[in-house]
Amino acid sequence: MAAPMLPPSDRDIFRYRFHHGVNLGSVFVLEKWLYPSMFPDGTEAELDAVIEHGRQHGLEATRKKWEQHWCTAVTGEDLSFISQHATAIRLPIGYYHLGPSFCSNTPFEPVADVYRNAWTFICTFINIATSNGLGVLIDLHALPGGANPDVHSGISRRSRSRHHHNPVMNLMNKLNRHIGVIPDSPQAEFWEKKRYRNLGTAAARRIAEDVMCLDGIVGLQVVNEAVAGAQNKGMWEWYDEVIKAVSEADKAHNHHTGLPVYISDAWDVCSAVQYASRQTYPTIVDTHKYFCFPPTSGKHPDAILSSIPTLPFPAHVAVGEFSSVMSGDSWSKIAPSARDDYVKRFTQAQLQKYRACAGSTYFWTAKMQWMPGGEWGFFEQVQKGNIDFPQPLPADYVLGGRGQKRGQAWREHTEHWGPKWDHSAFARGWDVGWEDGIRFLVKGAVIGFAEAWARKRLLESGETGEYAWEFEHGVMKGVLDVRHFQA
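Taking UniProt numbering, the leading residue of the sequence shown gets 1, the next gets one more, and so forth.
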């Protein structure tokens with residue numbers, strides 16, 4: 001029998017609501033195309049930029065330049081704008097931002113002092129963002145060795161080849177080998193080296209320990225865009241380890257908050273959803289949707305637009321990145337004068353699809369050196385009316401449909417499963433899910449991650465035995481029946 005259920009807390013609402021979010025790329029994890037002024041000539045990735053700036057000006061001056069960027073890239077005015085048009089930010093950070101001890105025995109070790117205050121700057125930024133009413137999804141975007149071969153680890157494939165011909169880097173690599181640091185390679189080495197995965201786990205645990213009890217933290221994403229094929233290189237086993245580490249950090253500090261762990265789908269969203277559905281600790285799948293890269297790049301914009309409503313899309317995942325960008329080849333197929341209209345329809349078609357199916361969305365991205373950012377720019381797309389900020393219907397309006405929705409849910413469930421089950425657990429679960437959904441509405445939100453929420457409520461309820469699954473199904477159905485009114 002279900003125990004009396006406490007109502008959702010404000011922390012619950014921040015963590016399980018549907019977030020209309022935006023990324024803050026290149027604030028902490030630098031990308032040259034977004035902030036070229038942070039990259040000396042001839043450098044492509046953050047490590048190269050730090051080394052070259054340090055060579056020219058010294059590491060102390062480099063630290064001050066980096067800290068100046070961290071505290072000025074996003075202004076109070078920026079956060080005020082974002083808070084008026086979004087509910088959360090996804091904040092990419094790197095393992096090296098946790099300070100010198102996390103840089104040890106990695107390629108960032110020689111420049112670790114640049115990052116000695118980085119975690120303090122990040123925590124300060126989080127406090128400012130949450131004080132503006134924004135949730136923060138911490139994204140461990142840069143992992144040691146790289147979860148993919150791109151610049152997300154701070155080292156790019158292009159810069160690696162340059163390092164081999166750089167006398168300063170050659171000297172550093174000799175030093176690194178002497179002290180046991182393995183020089184970088186063009187692989188996604190995170191999946192190849194156990195010690196890198198151990199360091200990634202330690203980084204996630206450290207972050208969780210520091211932010212677990214903060215009300216504005218939406219979740220902790222432990223990896224960004226794991227390379228395709230990581231499933232066969234220990235990814236699932238590492239997910240087991242890192243989820244266990246976050247869970248243990250939760251229990252060790254007596255928080256018991258259930259900080260959601262976000263995992264990358266590694267470009268196979270269905271397998272990742274199946275994995276997440278088996279977890280008892282809250283686990284959410286992050287997937288990214290772009291139409292400017294293969295296989296959709298180069299298609300006619302009409303073909304892309306017509307494909308969006310029928311995209312295969314598992315429910316309740318987070319769309320951690322999407323944009324208003326199509327490839328140049330696609331845009332070349334229409335008249336330039338029609339482009340603005342296509343951008344609007346393209347962006348709004350994506351939002352309509354993701355808001356119907358997903359648990360949250362985060363546009364890429366908010367800030368860049370070349371504001372307002374064009375079709376990559378959140379500010380520009382909001383200002384043009386392409387991105388809106390929908391408000392849920394009033395709770396009183398939805399409450400009027402309770403009797404009809406409850407009866408319909410009961411009939412559909414009992415007709416499907418037949419008389420041999422005890423369906424009273426389903427009814428109890430539906431009541432909980434409906435009431436939870438209404439409480440979210442009162443706070444101006446809808447539950448985005450219905451499956452994760454239903455699992456959480458099942459664990460809290462005390463329901464056990466062969467009919468516990470019916471309670472969980474009931475919660476999810478009640479939640480979705482409230483959300484249905486948002487259509």
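Cβ atoms here follow ideal geometry from the backbone N, Cα and C, with glycine treated the same way.
Problem set entry | Length of the line joining the Cα atoms of Phe14 and Gly216 | Between Phe14 and Gly216, the C-alpha separation is close to 6 Å.
Problem set entry | Boundaries of the alpha helix (DSSP H) in which Tyr239 is found, first to last residue | Residues 235–252.
Exercise. Which residue from His416, Ser337, Cys357, Asp341 puts its Cα closest to that of Leu311?
Worked result: Here the closest residue by C-alpha is Cys357.
For this session: Measure the alpha-carbon distance for Pro419 versus His413 and round it to whole angstroms.
Result: Distance from the CA of Pro419 to the CA of His413, rounded to the nearest whole angstrom, comes to 10 Å.
Exercise. Could you check where the alpha helix (DSSP H) with Asn127 kicks off and where it finishes?
Worked result: Per DSSP, the unbroken alpha helix (DSSP H) holding Asn127 starts and ends at 118–131.
Exercise. Can you give the Cα-Cα distance for Ser297 and Ala452, rounded to whole angstroms?
Worked result: Note on geometry: alpha-carbon atoms of Ser297 and Ala452 lie some 34 Å from one another.
For this session: Please classify Ala112: does DSSP put it in a helix, a strand, or coil?
Result: It is helical.
Exercise. For the beta strand (DSSP E) that contains Phe363, what are its first and last residues?
Worked result: Residues 360–363.
For this session: Would you identify the three-state DSSP class for Met5, choosing helix, strand or coil?
Result: Coil.
For this session: State the Cα-Cα distance for the pair Trp236 and Ala245, rounded to the nearest angstrom.
Result: If you take the alpha carbons of Trp236 and Ala245, they lie about 14 Å apart.
Exercise. By how many angstroms is the C-alpha of Ser307 removed from the C-alpha of Ala318?
Worked result: Distance between the alpha carbons of Ala318 and Ser307: 20 Å.
For this session: Write down the C-beta distance between Gly448 and Arg90 rounded to the nearest angstrom, noting that I regard them as a contact closer than 8 Å.
Result: Rounded, the Cβ-Cβ distance is 14 Å, inconsistent with contact.
For this session: Using the Cα positions of Phe389 and Thr87, report the straight-line distance between them to the nearest angstrom.
Result: Taken atom to atom, the span from the alpha-carbon of Phe389 to that of Thr87 is near 9 Å.
Exercise. CB-CB under 7 Å to Ser424, same chain, minus the five flanking residues each way: which ones, in chain order?
Worked result: None.
For this session: With a 10 Å radius around its C-beta and 16 neighbouring C-beta atoms as the bar for buried, classify Arg158 as buried or exposed.
Result: The predicted position of Arg158 is uncertain, since its pLDDT is 45 and thus under 50; no value can be drawn from it.
Exercise. DSSP beta-bridge partners for Pro92?
Worked result: DSSP output for Pro92 lists Asp139 as bridge partner(s).
For this session: Mind listing, in chain order, the continuous beta strand (DSSP E) runs of no fewer than 3 residues lying wholly within the stretch 19–91?
Result: Correct list: 19–23.
For this session: State the CB to CB distance for the pair Thr283 and Val261, rounded to an integer number of angstroms; the pair is presumed to be in contact (CB under 8 Å).
Result: Rounded, the Cβ-Cβ distance is 5 Å, consistent with contact.
Exercise. With 16 other CB atoms within 10 Å as the buried threshold, where does residue 490 fall?
Worked result: Residue 490 lies beyond the range of the chain shown here (1 to 487); nothing can be said about it.
Exercise. To the nearest whole angstrom, what separates the beta carbons of Phe485 and Gly359, a pair I think is in contact under 8 Å?
Worked result: Contact flag wrong, Cβ pair sits at about 17 Å.
Exercise. Between the stretch 66–73 and the stretch 129–141, do three or more beta carbon pairs fall short of 8 Å?
Worked result: Counting Cβ pairs under 8 Å, fewer than three are found: no touch.
Problem set entry | Counterpart residues of Lys299 in DSSP-defined beta bridges | Partner(s): none; Lys299 has no beta bridge.
Exercise. Going by alpha carbons, who is nearest to Met476 out of Lys443, His85, Val432?
Worked result: It is Val432.
Exercise. Going by Cα to Cα distance, which pick from Leu137, Asp302, Ile438 is closest to Pro394?
Worked result: Nearest C-alpha to Pro394 among Leu137, Asp302, Ile438: Ile438.
For this session: Counting only the same chain and skipping the five closest in sequence on each side, list residues whose C-beta sits under 6 Å from that of Trp430.
Result: Closer than 6 Å at the Cβ level, and outside the excluded window around Trp430, lie Ala409, Gly474, Lys477, Gly478.
Problem set entry | Residue environment, Gly94, which counts as buried when at least 16 other CB atoms sit within 10 Å | Flag for Gly94 reads buried.
For this session: Return yes when the Cβ of Val325 is within less than 8 Å of the Cβ of Glu375, no when it is not.
Result: In contact: Glu375 and Val325 (Cβ atoms closer than 8 Å).
Exercise. Do Val29 and Ala73 have their C-beta atoms within less than 8 Å of each other?
Worked result: Not closer than 8 Å, so no.
Exercise. Which residue or residues does DSSP assign as beta-bridge partners of Phe322?
Worked result: Per DSSP, Lys289, Phe363.
For this session: Locate the alpha helix (DSSP H) running through Gly429, then write down its first and last residues.
Result: Under the DSSP assignment, Gly429 falls in the alpha helix (DSSP H) whose first and last residues are 424–442.
For this session: Would you please state the rounded distance, in angstroms, between the beta carbons of Ala354 and Thr361? I believe it to be under 8 Å.
Result: For clarity, residue 354 is Tyr in the given sequence; the question names Ala instead. About 5 Å; that satisfies the 8 Å criterion.
For this session: Just confirm the distance between the C-beta atoms of Gly200 and Leu143, as a whole number of angstroms; I'd bet it's less than 8 Å.
Result: By a beta-carbon distance limit of 8 Å, Gly200 contacts Leu143. Their separation comes to about 5 Å.
For this session: Sort Arg63, Thr106, Pro314 by Cα distance to Phe121 and report the nearest one.
Result: Closest option to Phe121, Cα to Cα, is Arg63.
Exercise. Whole-angstrom Cβ separation of Pro392 and Gly328, contact assumed at under 8 Å?
Worked result: In this structure, Pro392 and Gly328 do not form a Cβ contact; the two beta carbons are roughly 38 Å apart against a cut-off of 8 Å.
For this session: Locate the alpha helix (DSSP H) running through Ser271, then write down its first and last residues.
Result: Here the alpha helix (DSSP H) through Ser271 covers 269–277.
Exercise. Buried or exposed: where does Gly21 fall if 16 or more other Cβ atoms within 10 Å of its Cβ makes it buried?
Worked result: Per the 10 Å Cβ criterion, buried.
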